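Q:
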Amino acid sequence: MSMLHAAIMIPFIIAILVPLLYRRLHRIHTGWFILPAPVALFAFFLGQLPSVKEGETVTSTVSWIPSLGIDITVYLDGLGLLFALLITGIGSLVVLYSIYYMNKSKEAIHHFYVYLFMFMGAMLGVVLSDNLMVLYGFWELTSISSFLLIAFWHHRERSRYGAQKSMLITIFGGLAMFAGFLLIYVMTGTFSIREIIGQAEMMAGHSLFVPALLLILLGAFTKSAQFPFHIWLPDAMEAPTPVSAYLHSATMVKAGLYLVARFSPIFAGQPEWFWLVSGFGLLTLIYGSFRAFRQTDLKAMLAFSTISQLGLIMSLLGLGSASAFYAGTGESLFYTIATTAAIFHLINHAVFKGALFMVVGIVDHETGTRDIRKLGGLMSLMPVTFSVALIGTFSMAGLPPFNGFLSKEMFFTAVLNILQMDILNMQTWGALFPVVAWVASVFTFVYSMLLLFRTFTGPLQSDKLERKPHEAPAGMLIPPVILASLAVVFGLFPNLLSYTLIEPAMASILPNLLSPGDKFLVSIDFWHGWTAEIFMTLGVVGVGTLLYLWLGKPGKLHRVRSSRLSLNGAYDFGLRSLEQGSNRLTGAYMSGSIRHYLLYIFAFFIVILAITMIRTPGISLTSANYAPVAPFETVVAIVIILATIAVPFARSRLMAIIFTGAIGYMVTLFFVLFRAPDLALTQMIVETVSVTLFLLCFYHLPKLRKEKTALRFKMSNFIIAAGVGVIVTLIALGALSGKSFESIADYYLKHSYDLAGGKNVVNVILVDFRGFDTMLEIVVLGIAALGIFAMIKLRMEAGAASLKPRIAKESAETGLHYAKSNDVILKTVSKVVIYIILTFAVYLFFAGHNDPGGGFIGALATSAALVLLSIAFGVKRFETVFPIDFKKVVAIGLMTALLTGIGSLILGVPFLSHAFGHFNLPILGDTELATAVLFDLGVYLAVVGVAMTIIFTIGRDN
Numbered sequence: 001m002s003m004l005h006a007a008i009m010i011p012f013i014i015a016i017l018v019p020l021l022y023r024r025l026h027r028i029h030t031g032w033f034i035l036p037a038p039v040a041l042f043a044f045f046l047g048q049l050p051s052v053k054e055g056e057t058v059t060s061t062v063s064w065i066p067s068l069g070i071d072i073t074v075y076l077d078g079l080g081l082l083f084a085l086l087i088t089g090i091g092s093l094v095v096l097y098s099i100y101y102m103n104k105s106k107e108a109i110h111h112f113y114v115y116l117f118m119f120m121g122a123m124l125g126v127v128l129s130d131n132l133m134v135l136y137g138f139w140e141l142t143s144i145s146s147f148l149l150i151a152f153w154h155h156r157e158r159s160r161y162g163a164q165k166s167m168l169i170t171i172f173g174g175l176a177m178f179a180g181f182l183l184i185y186v187m188t189g190t191f192s193i194r195e196i197i198g199q200a201e202m203m204a205g206h207s208l209f210v211p212a213l214l215l216i217l218l219g220a221f222t223k224s225a226q227f228p229f230h231i232w233l234p235d236a237m238e239a240p241t242p243v244s245a246y247l248h249s250a251t252m253v254k255a256g257l258y259l260v261a262r263f264s265p266i267f268a269g270q271p272e273w274f275w276l277v278s279g280f281g282l283l284t285l286i287y288g289s290f291r292a293f294r295q296t297d298l299k300a301m302l303a304f305s306t307i308s309q310l311g312l313i314m315s316l317l318g319l320g321s322a323s324a325f326y327a328g329t330g331e332s333l334f335y336t337i338a339t340t341a342a343i344f345h346l347i348n349h350a351v352f353k354g355a356l357f358m359v360v361g362i363v364d365h366e367t368g369t370r371d372i373r374k375l376g377g378l379m380s381l382m383p384v385t386f387s388v389a390l391i392g393t394f395s396m397a398g399l400p401p402f403n404g405f406l407s408k409e410m411f412f413t414a415v416l417n418i419l420q421m422d423i424l425n426m427q428t429w430g431a432l433f434p435v436v437a438w439v440a441s442v443f444t445f446v447y448s449m450l451l452l453f454r455t456f457t458g459p460l461q462s463d464k465l466e467r468k469p470h471e472a473p474a475g476m477l478i479p480p481v482i483l484a485s486l487a488v489v490f491g492l493f494p495n496l497l498s499y500t501l502i503e504p505a506m507a508s509i510l511p512n513l514l515s516p517g518d519k520f521l522v523s524i525d526f527w528h529g530w531t532a533e534i535f536m537t538l539g540v541v542g543v544g545t546l547l548y549l550w551l552g553k554p555g556k557l558h559r560v561r562s563s564r565l566s567l568n569g570a571y572d573f574g575l576r577s578l579e580q581g582s583n584r585l586t587g588a589y590m591s592g593s594i595r596h597y598l599l600y601i602f603a604f605f606i607v608i609l610a611i612t613m614i615r616t617p618g619i620s621l622t623s624a625n626y627a628p629v630a631p632f633e634t635v636v637a638i639v640i641i642l643a644t645i646a647v648p649f650a651r652s653r654l655m656a657i658i659f660t661g662a663i664g665y666m667v668t669l670f671f672v673l674f675r676a677p678d679l680a681l682t683q684m685i686v687e688t689v690s691v692t693l694f695l696l697c698f699y700h701l702p703k704l705r706k707e708k709t710a711l712r713f714k715m716s717n718f719i720i721a722a723g724v725g726v727i728v729t730l731i732a733l734g735a736l737s738g739k740s741f742e743s744i745a746d747y748y749l750k751h752s753y754d755l756a757g758g759k760n761v762v763n764v765i766l767v768d769f770r771g772f773d774t775m776l777e778i779v780v781l782g783i784a785a786l787g788i789f790a791m792i793k794l795r796m797e798a799g800a801a802s803l804k805p806r807i808a809k810e811s812a813e814t815g816l817h818y819a820k821s822n823d824v825i826l827k828t829v830s831k832v833v834i835y836i837i838l839t840f841a842v843y844l845f846f847a848g849h850n851d852p853g854g855g856f857i858g859a860l861a862t863s864a865a866l867v868l869l870s871i872a873f874g875v876k877r878f879e880t881v882f883p884i885d886f887k888k889v890v891a892i893g894l895m896t897a898l899l900t901g902i903g904s905l906i907l908g909v910p911f912l913s914h915a916f917g918h919f920n921l922p923i924l925g926d927t928e929l930a931t932a933v934l935f936d937l938g939v940y941l942a943v944v945g946v947a948m949t950i951i952f953t954i955g956r957d958n
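In UniProt numbering, the protein residues as written are 1 to 958.
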């Protein structure tokens, strides 16, 4: 595993360690202990600047699922490095800021930092992944961690609403993007972004090319809050201010911009890409800027400002794609100014908007309000905060000498240059580009001035403030001061970024415009003479000042409007309609009867499989390959059939359980006859534990009452039962009649020892060849066990008052206590038998890799022994002698299995790959050891924990 892989993993490791640190270091703010991690990551990526600046790329691969072409490949080029520096650099400042913003005594800050570092790791995974599937996984993880951060104050209804809206919209876009990735794979046969870029020319003529383009843009637009998907971002401002400063100004909302930039080498030469990216970007720019200056909440103003600025950068990426139309000609470099401006403004926006969000957080923290109508006169009371706000707002407004002025001038240059394109009717529609850009810049100037002067100048309205305003503590001021300082430095010395960050990122976005060894010319200067751009800026300042003076009064700006016809109204109506419709649909078939649910499931099962068999060619129900049926096999089959028929006619539940157990044990006998010892052992122990579980369930079941039922009721049961039996039999016969593919069994038999070091093929498949399946299965078992525990616990707590008298009455009447025996013989025998069973279980566990057995079978045997002990002496007595929380055992087992798989990745081999070898051990001599036993240990612990959690939850004495 390379340092790049480690850089992605470190935030996740910190997220795991935070709860431990929080418990042990609760007197000190947890942020101080985890702050060095993002700082170290920032320093690491900063150290990559010299090599990336020279055009080198750093790449490393860890094999994951090579058969599907899915590897964890990290790729650091100019674009990835730029985003990695933003993620870790601003992340470091946000952690420092949150130490002073978040109250550790009143808020669950350990949860906050877990979510924050999950997000940081996910964002690094997005911008450094070369594999589309891995990128998608991290992409969705950013949505999930963002959901958790926005809903951090979950006691607030608006926080929950904003979190849900952001997740629904961004995950919808993520699923669309995932479909686009799959279409790209169909076209190219690879998930590697670098390899896909190499096949860009071949893809352009494919019928799936435009659908893939549209789906990927849908993912980018939803993530980067482009119109009309922007509606989630203002509601996301319910998150704590450090979250807004990090996610919604510098990182998450720019993931969509990253996606567009990363895929520009593939799609930039297409008219659809140019018009959609630049068009939606400009529409978002003007809409966001217009809505921003109509807000009364400072964070809402910054939210719409962020939407506007994201639209500006998106439009620049679209305009920059125009250079692809002239690839190979001298004119192509004429249009790269847009891409230069996009990258430069992306950096500038992260700097000044991050500072402004922190300023708003300080104002809210120190005054108790963000309502611009209640603020004013804070300049003299909060001079440092005012200075940072002045730099940030002036930079956002595009005023000199700050960095925003330079990138805004470059934006004007880009929209003016695009008029000179001689294709796509730019002479007609292209005129809208500079007009929209100028009008939006006017609105940007207005809301920037409103934010600054309405907050910090004018009279102080102390009676409207919740707290007496004063300057924030130094630790809270340091992060925004650093960002504001960068805004000044990047404004006065812009070429510090030209060939360190901007040019390498341009080379990643527009690689086809450069010859090997060449570089883009990037020169950013304040003065180019009296150009059109300067006059556009003067017009922005003049008209913006007039609008600010004319419309600056709240009565004219902030009139309440109905939201029924708005996009938010449409979203709420659509969500409400979906909920109501789903409730009606669900209510139509969710009757509360398990029998009805089983009827639905089995009926669907019968119909779908029957249709599949009918429509599948080559299936025959006759074959000469059937083995002859021996007489004793016939006898076993008849017993199974008779026991099955007897179950519905049983007059008591006890008899029904006995008949059911007889069926299971006869199946065990079948496995013995068919020479499948592993299956026979598993079936036998599972049947034993299952029968015990059925008996324990007696306690929770009402008395069995035989009622006369309608003939239709009986016939429906009979038809479904017969249908399932017939269809399964037909499938089995059809599967034996002919095979469409060569059986994989021979491969397993041939390679179980030389590839996995085990002679027991069944166990080798479980822990090695299909180890990933096994791990997911024990995860499902763990979830099921916790679900059963939660349901039973809630039921017991809800009915505790009425349940305990009934238990006491039943105990007094019968003289028995549930799950406890008074049989002296059983108690005496169990003390001996339990050691025999446990010894056998240990043998099964260690013998499983080469002989019948394994972790799963050994766990079931252990569970059977523990169940016997608990029945003989009572669950409470067992828990007193052995105070084991089996839910924790499940967690330890899952973690053991997972860490075994991760250990493979550290050694550079696929997930859950195992190693084995022969070792000369003392006393034992030549002994074969395999790492698979560690994974099997995880399975063993998880299964024991699951079985005992379920049984003890159901069978615990009350």
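Each residue gets a CB set at the ideal place from its N, CA and C atoms; glycine is no exception. All figures in this text were calculated on a predicted structure; none of them were measured in a lab.
Among 308, 414, 342 and 455, which residue has its Cα nearest to the Cα of residue 380?
A: For the purposes of this step, residue 380 is identified with residue 380 of the sequence shown, where counting begins at 1. The shortest C-alpha to C-alpha distance from residue 380 to any of 308, 414, 342 and 455 is the one to 455.
Q: Looking only at C-alpha atoms, which of 111, 853 and 283 sits nearest to residue 14?
A: The sequence position of residue 14 within the sequence shown is 14, counting from 1. For the residues 111, 853 and 283, the minimum Cα distance to residue 14 belongs to 111.
Q: Write down every uninterrupted run of the alpha helix (DSSP H) in the region 59-136 whose length is 4 residues or greater and which is fully enclosed by it, in chain order.
A: 78-101 and 109-128
Q: Between the C-alpha atoms of residue 194 and residue 134, what's the straight-line distance to the nearest angstrom?
A: Along the sequence shown, one-based indexing puts residue 194 at 194. Along the sequence shown, one-based indexing puts residue 134 at 134. Rounded to the nearest angstrom, the two C-alpha atoms are 14 angstroms apart.
Q: Take every Cβ of the region 158-167, pair it with every Cβ of the region 45-62, and state whether three or more of those distances are shorter than 8 angstroms.
A: no
Q: According to the Cβ coordinates, are residue 282 and residue 436 closer than 8 angstroms?
A: As a working note, residue 282 is residue 282 in the sequence shown. As a working note, residue 436 is residue 436 in the sequence shown. Against a cut-off of 8 angstroms, the Cβ pair of residue 436 and residue 282 comes out as a contact.
Q: Anyone know if the C-beta pair for residue 243 and residue 307 falls short of 8 angstroms?
A: Residue 243 sits at position 243 when you count from the first residue of the sequence shown. Residue 307 sits at position 307 when you count from the first residue of the sequence shown. Going by C-beta atoms, residue 243 is not nearer than 8 angstroms to residue 307.
Q: Taking DSSP's pairing of strands, which residues face residue 371 in a bridge?
A: As a working mapping, residue 371 is identified with position 371 in the sequence shown. According to DSSP, residue 371 bridges with 297.
Q: CB-CB under 7 angstroms to residue 508, same chain, minus the five flanking residues each way: which ones, in chain order?
A: In the sequence shown, the residue the question calls residue 508 occupies position 508. Only 77, 78 and 79 meet the Cβ criterion.
Q: With DSSP as the reference, identify every bridge partner of residue 192, one or two as the case may be.
A: Mapped onto the sequence shown, residue 192 falls at position 192. In the DSSP output, where bridge partners are listed per residue, residue 192 has 131.
Q: Given a threshold of 16 other Cβ atoms within 10 Å of its Cβ, counted over all protein chains shown, does residue 420 qualify as buried or as exposed?
A: Along the sequence shown, one-based indexing puts residue 420 at 420. When all chains shown are included, residue 420 counts as exposed.
Q: Per the contact definition of three or more C-beta pairs closer than 8 angstroms, is the region 475-486 in contact with the region 346-359?
A: yes
Q: From residue 745 to residue 936, what distance separates their C-alpha atoms?
A: By 1-based counting over the sequence shown, the position of residue 745 is 745. By 1-based counting over the sequence shown, the position of residue 936 is 936. Distance between the alpha carbons of residue 745 and residue 936 is about 22 angstroms.
Q: If contact is defined by three or more beta carbon pairs under 8 angstroms, each pair taking one atom from either stretch, is the region 677-692 in contact with the region 638-653?
A: Not touching, per the Cβ criterion.
Q: Would residue 383 be called buried (16 or more neighbouring beta carbons within 10 Å of its own) or exposed?
A: Counted from its first residue, the sequence shown places residue 383 at position 383. Exposed is the call here.
Q: In angstroms with no decimal places, state the Cα-to-Cα distance between residue 280 and residue 274.
A: What you label residue 280 is simply residue 280 of the sequence shown in a count that begins at 1. What you label residue 274 is simply residue 274 of the sequence shown in a count that begins at 1. Those two C-alpha atoms are separated by around 10 angstroms.
Q: Is residue 932 near residue 894, with beta carbons less than 8 angstroms apart?
A: Your numbering for residue 932 matches position 932 in the sequence shown. Your numbering for residue 894 matches position 894 in the sequence shown. No, these two residues do not count as a Cβ contact at 8 angstroms.
Q: Can you look up residue 498 in the DSSP assignment and give me helix, strand or coil?
A: In the sequence shown, residue 498 corresponds to position 498, counting from 1. Of the three classes helix, strand and coil, the one that applies to residue 498 here is helix, per DSSP.
Q: Once the 5 residues before and after residue 218 are set aside, which same chain residues still bring their CB inside 6 angstroms of it?
A: Looking up residue 218 in the sequence shown gives position 218. Answer for residue 218: 173 and 176, listed in chain order.
Q: Suppose contacts are defined by Cβ-Cβ distances below 8 angstroms. Is residue 397 in contact with residue 445 by that definition?
A: If you number the sequence shown from 1, residue 397 lands on position 397. If you number the sequence shown from 1, residue 445 lands on position 445. Yes, the pair counts as a contact, with Cβ atoms nearer than the cut-off.
Q: Using a 10 Å radius around the Cβ and a threshold of 16 neighbouring Cβ atoms, would you call residue 131 buried or exposed?
A: For the purposes of this step, residue 131 is identified with residue 131 of the sequence shown, where counting begins at 1. Label assigned to residue 131: buried.
Q: So within the UniProt domain "MrpA C-terminal/MbhE" (715-793), which uninterrupted alpha helix (DSSP H) runs reach at least 4 residues, ignoring any that extend past its ends?
A: Runs of the alpha helix (DSSP H) lying entirely within the UniProt domain "MrpA C-terminal/MbhE" (715-793) and spanning at least 4 residues, in chain order: 745-756 and 761-764.
Q: Short check: CB of residue 191 to CB of residue 185, under 8 angstroms?
A: As a working note, residue 191 is residue 191 in the sequence shown. As a working note, residue 185 is residue 185 in the sequence shown. Their beta carbons are under 8 angstroms apart, which means residue 191 touches residue 185 by this criterion.
Q: Please classify residue 829 as buried or exposed, where buried requires at least 16 neighbouring CB atoms within 10 angstroms.
A: Residue numbering aside, residue 829 sits at position 829 when the sequence shown is read from its first letter. Exposed: under 16 other Cβ atoms inside 10 Å.
Q: Could you check if residue 136 is buried or exposed, using at least 16 other CB atoms within 10 Å of its CB as the buried criterion?
A: What you label residue 136 is simply residue 136 of the sequence shown in a count that begins at 1. Classification for residue 136: buried.
Q: Count Cβ pairs between the region 117-125 and the region 138-146 that sit closer than 8 angstroms; are there 3 or more?
A: The answer is yes - the region 138-146 touches the region 117-125, with three or more Cβ pairs under 8 angstroms.
Q: In whole angstroms, what separates the C-alpha of residue 152 from that of residue 768?
A: If you number the sequence shown from 1, residue 152 lands on position 152. If you number the sequence shown from 1, residue 768 lands on position 768. Computed Cα separation, rounded: 40 angstroms.
Q: Could you give the C-beta distance for residue 8 and residue 124, rounded to a whole number, given that I count them as a contact under 8 angstroms?
A: Counted from its first residue, the sequence shown places residue 8 at position 8. Counted from its first residue, the sequence shown places residue 124 at position 124. Indeed they touch by this definition, with Cβ atoms about 5 angstroms apart.
Q: For the putative contact between residue 45 and residue 85, defined by C-beta atoms under 8 angstroms, what is the C-beta separation to the nearest angstrom?
A: Taking the sequence shown and counting its residues from 1, the one referred to as residue 45 is at position 45. Taking the sequence shown and counting its residues from 1, the one referred to as residue 85 is at position 85. Between residue 85 and residue 45 the Cβ distance is about 5 angstroms, and since that is below 8 angstroms, they are a contact.
Q: I believe residue 234 touches residue 342 by the beta-carbon criterion, under 8 angstroms. Please report the beta-carbon distance rounded to the nearest angstrom.
A: Taking the first residue of the sequence shown as 1, we reach residue 234 at position 234. Taking the first residue of the sequence shown as 1, we reach residue 342 at position 342. Contact flag wrong, Cβ pair sits at about 24 angstroms.
Q: Decide if the region 837-850 is in contact with the region 751-764; the criterion is three or more beta carbon pairs, one per stretch, under 8 angstroms apart.
A: yes
Q: Within the continuous alpha helix (DSSP H) that includes residue 272, where are the two ends?
A: To locate residue 272, count along the sequence shown from 1; it is residue 272. That run of the alpha helix (DSSP H) goes 271-292.
Q: What are the boundary residues of the alpha helix (DSSP H) that residue 853 is part of?
A: Position 853 of the sequence shown, counting from 1, holds the residue named residue 853. Where residue 853 is concerned, there is no enclosing alpha helix (DSSP H), given that its DSSP letter is neither H nor E.
Q: If I follow the unbroken alpha helix (DSSP H) through residue 254, where does it start and stop?
A: Residue numbering aside, residue 254 sits at position 254 when the sequence shown is read from its first letter. No alpha helix (DSSP H) holds residue 254; DSSP gives it neither H nor E.
Q: Pairing CB atoms from the region 908-917 with CB atoms from the region 864-883, are three or more of them under 8 angstroms?
A: Segments in contact, no.
Q: Could you give the first and the last residue of the continuous alpha helix (DSSP H) run that contains residue 584?
A: Start at 1 with the first residue of the sequence shown, and residue 584 comes out as number 584. Residue 584 -> alpha helix (DSSP H) spans 567-589.
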